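One structure below.
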Amino acid sequence: GENVEQHPSTLSVQEGDSAVIKCTYSDSASNYFPWYKQELGKRPQLIIDIRSNVGEKKDQRIAVTLNKTAKHFSLHITETQPEDSAVYFCAARLYNNNDMRFGAGTRLTVKP
Amino acid sequence: DTGVSQDPRHKITKRGQNVTFRCDPISEHNRLYWYRQTLGQGPEFLTYFQNEAQLEKSRLLSDRFSAERPKGSFSTLEIQRTEQGDSAMYLCASSSTGVPEFFGPGTRLTVL
């Protein structure tokens, strides 16, 4: 089955700096890669996703890139703000399969 | 509140007891997912429903776990003969697409 690895496990940046979180996946048949944000004590929220037929997707300050050959994808947050502080999870889903595998999460802290 | 709701929010039980959790998805969503999340980890897929049909079930799910969605609306997850290793946050998510978009607040289970 699919295996998703995520790093770093913790990331601390200064407000206004950029943050990058990277994930790798094992199964080349995976075709959908979402990212979730989970604030302390709250539910995960889908913030951006990318499909395997696209190399990059951007939504305001967040962007996701996908390298299918290397089987890795990344979340980029620019101009970070304290409210970006949360745990971010990447995930990967095999084509036509609902068993989506999550990474272990990255705790992002944005210092004011 | 038109989001996903779960009940109860917290459950403390003794080892060996049975517990049942309920999830009410967003009303127009035909897809419903159950996940389990332990501290410091990403959500782990348990099972998936499309309407009332349970289409996928994790191989990691023991036969002590059962889920239903009898009328294609709310769903229940039952754990029989609970074990301490079952202690976790149980998350429900719903969507109208092929991925879990909207998560509920979760049911935190503690098995003593």
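Protein chains in written order, with the working numbering: chain R, 1 to 112; chain U, 113 to 224.
Even for Gly, the Cβ is constructed at its ideal location relative to N, Cα and C.
All of these numbers come straight from a predicted model, not from anything done at the bench.
Are the Cβ atoms of residue i and residue j separated by less than 7 Å?
| i | j | result |
| --- | --- | --- |
| U:S199 | U:L173 | no |
| R:S74 | R:K22 | yes |
| U:F214 | U:I138 | yes |
| U:V223 | U:Q192 | no |
| R:A104 | U:Q149 | no |
| R:E39 | R:V110 | no |
| R:V20 | R:H76 | yes |
Could you compute how far the alpha carbon of residue i sits from the alpha carbon of residue j?
| i | j | result |
| --- | --- | --- |
| R:T78 | R:E2 | 29 Å |
| U:L203 | U:N142 | 17 Å |
| U:F177 | R:L108 | 34 Å |
| U:P155 | R:S9 | 15 Å |
| U:R134 | U:Q118 | 6 Å |
| U:N130 | R:A92 | 33 Å |
| R:R43 | U:G115 | 11 Å |
| R:S18 | R:V64 | 13 Å |
| U:A179 | U:T159 | 8 Å |
| R:H113 | R:S52 | No answer is possible for residue 113 of chain R: it lies beyond the span of chain R, which begins at 1 and ends at 112. |
| U:T132 | R:T69 | 44 Å |
| R:I50 | U:F157 | 20 Å |
| R:F102 | R:C90 | 6 Å |
| R:T35 | R:Q45 | The sequence shown places Trp at residue 35 of chain R, not Thr. For R:W35 and R:Q45, the distance between alpha carbons rounds to 8 Å. |
| U:T194 | R:Y32 | 34 Å |
| U:D136 | U:A165 | 16 Å |
| R:Y25 | R:Y95 | 13 Å |
| R:G41 | R:V87 | 11 Å |
| U:K126 | R:T80 | 44 Å |
| R:I47 | U:Q162 | 23 Å |
Is it right to say residue i is buried, meaning 16 or more other beta carbons lie within 10 angstroms of its own, or is it exposed?
| i | result |
| --- | --- |
| U:G218 | buried |
| U:L189 | buried |
| R:D99 | buried |
Any contact of the region 164-172 of chain U with the region 201-209 of chain U, i.e. 3+ C-beta pairs under 8 Å? In this structure the region 164-172 of chain U does not touch the region 201-209 of chain U; the number of beta carbon pairs closer than 8 Å is below three.
Go through the region 131-195 of chain U residue by residue and report every complete run of the beta strand (DSSP E) that reaches 3 residues or more, in order. Residue ranges of uninterrupted beta strand (DSSP E) with 3 or more members, entirely inside the region 131-195 of chain U and ordered along the chain, are 131-136, 143-149, 156-162, 165-169, 177-180, 187-191.
At 3 residues or longer, what runs of the beta strand (DSSP E) sit wholly inside the region 13-46 of chain R? Secondary structure within the region 13-46 of chain R: the beta strand (DSSP E) runs of 3 or more consecutive residues, fully enclosed, are 19-25, 30-38 (chain order).
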